[in-house]
Amino acid sequence: MRRICEYLDPADDPVDKLRGRDVVGESIGNEDKDRLMNYHIHPIPALKDNYIWLLAHRDTAQALVVDPGDAAPVLAYLQAQELTLTAILITHHHADHTGGIAALKAHYDVPVYASIDSQHPLVTHKLAHGDALHLPLLDLTFQTIAIPGHTLDHMAFYSQPIVFTGDTLFSAGCGRLFEGKPAQMFDSLQRLCELPDDTKLYCGHEYTLSNLAFAKQVEPNNQAVVDHQHYVDALRAEGRASLPSTLALEKQINPFLRAKVPTVIQAASQYAGKPLSEAWQVFAALREWKNSS
Ligand code: ZN
Ligand code: FE
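Going by my numbering, the sequence shown opens with residue 1, and the numbers climb by one from there.
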């Protein structure tokens, strides 16, 4: 098999570069790091600003993809790297995350995993919150986390220390509420926040810079936001992904995870024109504010 580039090569991994900075907090434990060495995780840019995440096992050359909104770039990557597709994971039903399933299935007859609440006709295996998804060919088990809000069928796939968050949690932002209610989305984000701080977040879109611009509107004096903006500016200028992020970093820069921080409560209350006491109300005001900004 052809050698695929080192996952933990700092040049390929923004979080490794960030690790030297205080903003990231504790580094990943040795055991997780050793385990990750067996895998290669690559963002395949698709459509306008989607990332289709591909995870491959180095020894077996088996791979899974998350949210293939388009088949062509996935097929090209699999072929170039001499990988075999073994599973498709779907975080939610939107076309920019599912549009490539049919064409991929024409080449590889693989299972398609999604939430039990998914109505998508091409899903073959439905999972409930807390289910263990064991993928023997990848020697990997994911725990599913139901995170409704952006859509009602939204699900995250977690295998310490990585999580695929789809359109629920972005770097410095979160998804719009197309189907769920604000309190529900707030709870879903809280659920993700309970994962260890060093969890690496693999999100569905490259929205980081516009999200950071909004974060700066909410918290003009948050130095972590300003620093990260400079960092991501440089990454994007080189055409590189701003992801994965880490939960530790997001807790410092993402206003939607900071609904209990006094300056954020104050800014959201000012936007709403009334004092907001509950964290989910602060979250709801931020989401409205972002929609209109
Ligand atoms: Zn979506
Ligand atoms: Fe999307």
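Virtual Cβ for every residue (Gly too), placed ideally from N, Cα, C.
* Asked: Are His40 and Ala61 closer than 7 Å when you measure CB to CB?
  -> Ala61 sits away from His40, with the two beta carbons spaced by 7 Å or more.
* Top-ranked residue by Cα proximity to Pro255, from Ala279, Asp70 and Pro148 -> Ranking the options by Cα distance to Pro255, first place goes to Ala279.
* Reduced DSSP secondary structure (H/G/I, E/B, other) of Arg21 -> Unreliable positioning characterises Arg21 in this predicted model, as indicated by a pLDDT of 32, which lies under 50. A coordinate reading is not provided.
* Asked: Going straight from the alpha carbon of Ala106 to that of Leu286, what length do you get?
  -> When rounded, the distance between both Cα atoms is 43 Å.
* Provide the residue span of the alpha helix (DSSP H) that contains His228, from first to last. => Per DSSP, His228 belongs to the alpha helix (DSSP H) from Gln223 to Ala237.
* Asked: By Cβ distance, which residues of its chain are closer than 8 Å to Pro73, with the 5 residues on each side in sequence left out?
  -> Excluding residues within five positions, the ones whose Cβ falls inside 8 Å are Ile44, Pro45, Ala46 and Ile52.
* Taking 7 Å as the limit, tell me which residues put their C-beta closer than that to any heavy atom of the ligand FE, in chain order. => In chain order, the qualifying residues are Asn50, His94, Asp96, His97, Asp167, Gly204 and His205.
* Backbone CA spacing between Glu26 and Lys290 [nearest angstrom] -> Unreliable positioning characterises Glu26 in this predicted model, as indicated by a pLDDT of 35, which lies under 50. The coordinate reading is nonetheless provided below. Going by the C-alpha atoms only, they are around 30 Å apart.
* **Euclidean distance between Cα positions of Pro68 and Lys274** => Between Pro68 and Lys274, the alpha-carbon positions lie close to 42 Å from each other.
* Leu135 lies in the beta strand (DSSP E); which residues open and close that run? -> For Leu135, the enclosing beta strand (DSSP E) has its first and last residue at Ala132 to Leu135.
* **As assigned by DSSP and simplified to three states, the class of Phe157** => Strand.
* To do: Hey, could you find the ends of the beta strand (DSSP E) Ser115 is sitting in?
  => Where Ser115 is concerned, the enclosing beta strand (DSSP E) stretches over Val112 to Ser115.
* In whole angstroms, what separates the C-alpha of Thr124 from that of Tyr108? -> Spanning the alpha carbons of Thr124 and Tyr108 requires a straight line of approximately 14 Å.
* Could you give the distance in angstroms between the alpha-carbon of Glu288 and the alpha-carbon of Ala87? -> Cα-Cα distance, rounded: 36 Å.
* In whole angstroms, what separates the C-alpha of Lys260 from that of Cys193? -> Distance between Lys260 and Cys193, taken at the CA atoms: about 13 Å.
* To do: Identify, in the order they occur along the chain, each residue of the same chain with its Cβ nearer than 6 Å to the Cβ of Arg21, setting aside the five sequence neighbours on each side.
  => Low per-residue confidence applies at Arg21: pLDDT is 32, beneath 50, and the placement is therefore not dependable enough to give any value.
* To do: Using 10 angstroms around the beta-carbon of Glu82, count the other beta-carbons present and answer buried if the total reaches 16, otherwise exposed.
  => Per the 10 Å Cβ criterion, exposed.
* At what residue ranges does the region 82-128 contain a whole run of the alpha helix (DSSP H), taking only runs of 4 or more? -> Taking only runs of at least 4 residues, the alpha helix (DSSP H) segments lying wholly in the region 82-128 are 95-98 and 101-107.
* Other residues of its chain near Asn38: CB distance less than 8 Å, five sequence neighbours each side excluded -> Same-chain partners within the cutoff: His57, Arg58, Asp59 and Asp139.
* Asked: Excluding five sequence neighbours on each side, which residues of the same chain lie with their C-beta closer than 7 Å to the C-beta of His129?
  -> Hits under 7 Å: Thr144, Ile145 and Ala146.
* To do: Taking Asp153 and His93 to be in contact with their CB atoms under 8 Å, please state how far apart those CB atoms are, rounded to whole angstroms.
  => Confirmed, Cβ separation roughly 6 Å.
* Asked: Are at least three pairs of beta-carbons, each pair with one atom in the region 176-183 and one in the region 225-236, less than 8 Å apart?
  -> They do not touch, by the three-pair rule.
* Endpoints, alpha helix (DSSP H) assigned at Ile253 -> Run containing Ile253: Leu247 to Ile253, per the alpha helix (DSSP H) assignment.
* For Lys48, count neighbouring C-beta atoms within 10 Å of its own C-beta (all shown protein chains included) and say buried if the count is 16 or more, exposed if not. => Flag for Lys48 reads exposed.
* Would Met1 be called buried (16 or more neighbouring beta carbons within 10 Å of its own) or exposed? -> Reliability of the predicted coordinates at Met1 is poor, the pLDDT of 32 falling under 50, and the value obtained from them is presented with this limitation in mind. By the neighbour-count rule (16 or more Cβ atoms within 10 Å), Met1 is not buried but exposed.
* Measuring CA to CA, which of Thr208, Leu137, Gly99 and Ala63 is closest to Asp70? -> The shortest C-alpha separation from Asp70 is found at Gly99.
* Tyr77 - DSSP class collapsed to helix/strand/coil -> Residue state, collapsed to three classes: helix.
* Asked: If you compare alpha carbons, which of Ile90, Phe283, Leu89 and Gln160 is closest to Leu195?
  -> If we check each option's Cα against that of Leu195, Gln160 comes out closest.
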